[in-house]
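Shown next, in structure tokens, is the structure this report addresses.
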Amino acid sequence: MAGATIAVASDHAGFDLKEVLKRDLQQAGHEVLDLGTTSTASVDYPDFGNAMAEAIASGQAARGVLVCGSGIGISIAANRNPKVRAALAHDVTSARLSREHNDANVVAFGQRLIGVETAREALKVFLDTPFAGGRHADRVAKLSKELSR
40 MAGATIAVAS DHAGFDLKEV LKRDLQQAGH EVLDLGTTST ASVDYPDFGN
90 AMAEAIASGQ AARGVLVCGS GIGISIAANR NPKVRAALAH DVTSARLSRE
140 HNDANVVAFG QRLIGVETAR EALKVFLDTP FAGGRHADRV AKLSKELSR
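Per the numbering used here: the sequence shown = residues 40 to 188.
Structure representation (structure tokens):
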């Protein structure tokens, strides 16, 4: 995954962690597409989750990193796009399984819930872990299908 464009986005509650992870990505040789926010001034997380969804769906970025206070709201916003599979990760194991089993293309963190070093390690694992395919492929394909009502 080295050298791929990775989008990053956060709201005000995730800004500090986003900046740490952004630097790590740049130091690892990734091109980083920073979708905001640019400070800790209060903003609305759906705007940044939507920006991530657009970047992934359009192919501007191969993968993405979202951060808000809990990681929940911003991942819900991004997941409204059927091209996005944003997974909330709390540790290395959840980051690894989100890639292996769910082919997640966006990882979300809650700055108020995860330590900086844990988030840094989880992001590295997320980027380095391939999708296992096999029995998981059909399940993942169902995630992008329209639901019938």
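Glycine residues also receive a C-beta, built at the ideal position from the N, C-alpha and C atoms.
Outcome for serine 78 when other beta-carbon atoms lying within 10 angstroms are tallied against a minimum of 16: By one-based count along the sequence shown, residue 78 stands at place 39. Its Cβ having fewer than 16 others within 10 Å, serine 78 is exposed.
Could you tell me the alpha carbon to alpha carbon distance between glycine 98 and glycine 154, rounded to whole angstroms? If you number the sequence shown from 1, residue 98 lands on position 59. If you number the sequence shown from 1, residue 154 lands on position 115. Rounded to the nearest angstrom, the two C-alpha atoms are 30 Å apart.
Alanine 171 versus alanine 116: straight-line alpha-carbon distance, rounded: Here the question's residue 171 lines up with position 132 in the sequence shown. Here the question's residue 116 lines up with position 77 in the sequence shown. If you take the alpha carbons of alanine 171 and alanine 116, they lie about 26 Å apart.
Can you check which of these residues, Val146, His175 and Val106, is closest to glycine 53 by C-alpha distance? Reading the sequence shown from its first residue, position 14 is the one you call residue 53. When only C-alpha atoms are compared, the closest one is Val106.
Would you call arginine 151 buried or exposed, if buried means 16 or more other Cβ atoms sit within 10 Å of its Cβ? Taking the first residue of the sequence shown as position 1, residue 151 is located at position 112. Exposed: under 16 other Cβ atoms inside 10 Å.
Under the DSSP definition of a beta bridge, which residues are partnered with valine 47? If you number the sequence shown from 1, residue 47 lands on position 8. DSSP output for valine 47 lists Asp73 and Val104 as bridge partner(s).
Can you tell me whether aspartate 177 is buried or exposed? The criterion is at least 16 other CB atoms within 10 Å of its CB, across all chains shown. Numbered from its first residue, the sequence shown carries residue 177 at position 138. Under this definition aspartate 177 is an exposed residue.
Please report the straight-line C-alpha distance between methionine 91 and glutamine 66, rounded to a whole angstrom. The count along the sequence shown starts at 1 and reaches residue 91 at position 52. The count along the sequence shown starts at 1 and reaches residue 66 at position 27. Spanning the two alpha carbons is a distance of roughly 21 Å.
Selected residue, minimal CA-CA separation from serine 49, among Ala158, Ala43, Val104 and Phe165: Here residue 49 corresponds to residue number 10 of the sequence shown, with the count starting at 1. Out of Ala158, Ala43, Val104 and Phe165, Val104 has the C-alpha closest to the C-alpha of serine 49.
Enumerate, from N- to C-terminal direction, the unbroken beta strand (DSSP E) stretches of 3 or more residues contained entirely within the region 98 to 151. 102 to 107, 125 to 127 and 145 to 149
One question on the structure: do asparagine 250 and valine 179 come within less than 9 Å of each other, judged by their Cβ atoms? Since the first and last residues shown for the chain are 40 and 188, residue 250 lies out of range.
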